[in-house]
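What follows is one structure encoded as structure tokens, with my remarks underneath.
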Amino acid sequence: MFKDIQFHLLDVYRDKYDAMRKELSVVCGGNMKLVDQRLNQIQQYRQLFSCSQGAKTMMKIKDMFELFGNFKPVETLVNLVSRFCQFI
């Protein structure tokens with residue numbers, strides 16, 4: 050259930066964390082500790098997703114220009130996020 054709410058909040062509120070906090074407080078029955086935890090999770094998810102998009106772009110550039118070197122950290126980030134997204 051939280052997954053559906055989270056994606057709804059991400060679409061509707063984007064970066065409006067005050068409004069998102071109010072909506073979450075209703076959903077979470079006023080439990081502000083839980084609300085703060087969920088907001089923190091949403092912010093972390095957004096950061097991780099943003100980083101993974103950048104990493105995917107780097108890998109495309111690497112392939113396009115046939116670059117060589119140690120891209121293991123970038124590959125690890127792409128793979129980590131791909132596996133994480135399977136669970137949410």
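In short: position in the sequence shown from 1, add 49, done, that's this note's numbering. Note that beta-carbon positions come from the ideal geometry of N, C-alpha and C, so glycine has one too.
Practice item. Quick one: residues in its chain with C-beta nearer than 7 Å to the C-beta of A68, no 5 flanking neighbours on either side, listed in chain order? Key: Position 19 of the sequence shown, counting from 1, holds the residue named residue 68. Around A68: Y62.
Exercise for review: Mark R87 as exposed unless 16 or more other C-beta atoms lie within 10 angstroms of its C-beta, in which case mark it buried.
Suggested key: On the sequence shown, residue 87 is found 38 positions in, with the first residue counted as 1. Buried.
Exercise for review: Mind reading off the beta-carbon distance from E124 to M113? Whole number of angstroms is fine, and I expect it under 8 Å.
Suggested key: For the purposes of this step, residue 124 is taken as the residue at position 75 of the sequence shown. For the purposes of this step, residue 113 is taken as the residue at position 64 of the sequence shown. That belief does not hold up - the Cβ atoms of E124 and M113 are roughly 16 Å apart, past 8 Å.
**Study point:** 8 Å Cβ shell around V127 - same chain, five flanking residues per side excluded
**Key:** For this step, residue 127 is matched to residue 78 along the sequence shown. Correct list, in chain order: S101, A104, K105 and M108.
Practice item. Return the first residue and the last residue of the alpha helix (DSSP H) that K114 is part of. Key: For the purposes of this step, residue 114 is taken as the residue at position 65 of the sequence shown. What sits at residue 114 in the sequence shown is Phe, not Lys. Note, F114: premise wrong, no alpha helix (DSSP H); not H, not E.
Review point. Between F120 and S99, what straight-line distance do the alpha-carbon atoms span, to the nearest angstrom?
Key: Position 71 of the sequence shown, counted from the start, is the residue given in the question as residue 120. Position 50 of the sequence shown, counted from the start, is the residue given in the question as residue 99. Whole-angstrom Cα-Cα distance: 18 Å.
Point to revise | Length-filtered (4 minimum) alpha helix (DSSP H) runs lying within the stretch 64-91 | key: 66-76
Practice item. Assign F98 to one of three DSSP states: helix, strand, or coil. Key: The residue given as residue 98 occupies position 49 in the sequence shown. F98: helix per DSSP, three-state reduction.
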